[in-house]
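Down below is the structure, laid out as structure tokens.
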């Protein structure tokens with residue numbers, strides 16, 4: 305897509321891109337984006353360690369019902385995918401003119417979902433012999449709401465940039 309060069313587009317461009325000492329073009333992120341991206345990259349290590357738990361469950365080292373196994377897989381998969389998507393939303397938020405709460409929501413909605421949705425899967429299936437979700441499933445739905453709010457806000461921000 306080609307955008308007309310006007311004062312707003314040039315300002316957004318110059319605020320997000322700078323020249324390095326070697327003359328290479330580099331993306332310059334806001335402080336908020338840099339911090340959240342760093343947290344998300346480090347959080348990926350926790351998802352990696354969760355993979356070890358899944359291996360132990362699959363090998364029969366930790367007894368679980370089929371329901372619990374499926375919720376553990378779903379929790380682990382959602383965590384990894386939403387951390388990755390969260391990194392993308394962090395970068396894209398800096399390409400918008402959003403500020404204040406809207407910028408916070410666009411930048412943080414998916415990363416919050418990366419915490420809440422997996423926590424909902426794991427908590428809702430906790431307990432020996434469980435074959436259906438417990439009341440903690442509400443945490444999963446809070447994560448879904450966070451995901452939706454963040455994505456809708458970012459999408460509108462990108463379309464109006």
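Residue numbers (the working numbering): 305 to 465.
Where is the CB? At the ideal position from N, CA and C, for every residue including glycine.
Keep in mind the model is a prediction, meaning the values are calculated, not measured.
Exposed unless 16 or more other CB atoms sit within 10 angstroms - verdict on residue i
| i | result |
| --- | --- |
| residue 394 | buried |
| residue 386 | buried |
| residue 449 | exposed |
| residue 367 | exposed |
| residue 400 | buried |
| residue 363 | exposed |
| residue 356 | exposed |
| residue 404 | exposed |
| residue 454 | buried |
| residue 433 | exposed |
Run of the alpha helix (DSSP H) containing residue i, from where it starts to where it stops
| i | result |
| --- | --- |
| residue 366 | That residue, residue 366, is in no alpha helix (DSSP H); it is neither H nor E in DSSP. |
| residue 453 | 441–463 |
For residue i, the three-state DSSP class (helix, strand or coil)
| i | result |
| --- | --- |
| residue 344 | helix |
| residue 492 | With the chain running from 305 to 465 in the structure shown, residue 492 is simply not present. |
| residue 430 | coil |
| residue 437 | coil |
| residue 402 | coil |
Spatially closest choice to residue i from the options, by CA coordinates
| i | options | result |
| --- | --- | --- |
| residue 339 | 412, 350, 356, 406 | 412 |
| residue 331 | 403, 396, 462 | 396 |
| residue 376 | 354, 419, 400 | 354 |
| residue 342 | 392, 442, 402, 443 | 392 |
| residue 464 | 350, 364, 402 | 402 |
| residue 445 | 417, 454, 436, 435 | 417 |
| residue 370 | 404, 451, 461, 429 | 429 |
| residue 456 | 384, 414, 350 | 414 |
| residue 379 | 423, 350, 439 | 423 |
| residue 382 | 361, 348, 408 | 348 |
| residue 372 | 458, 461, 460, 438 | 438 |
| residue 425 | 443, 388, 360 | 443 |
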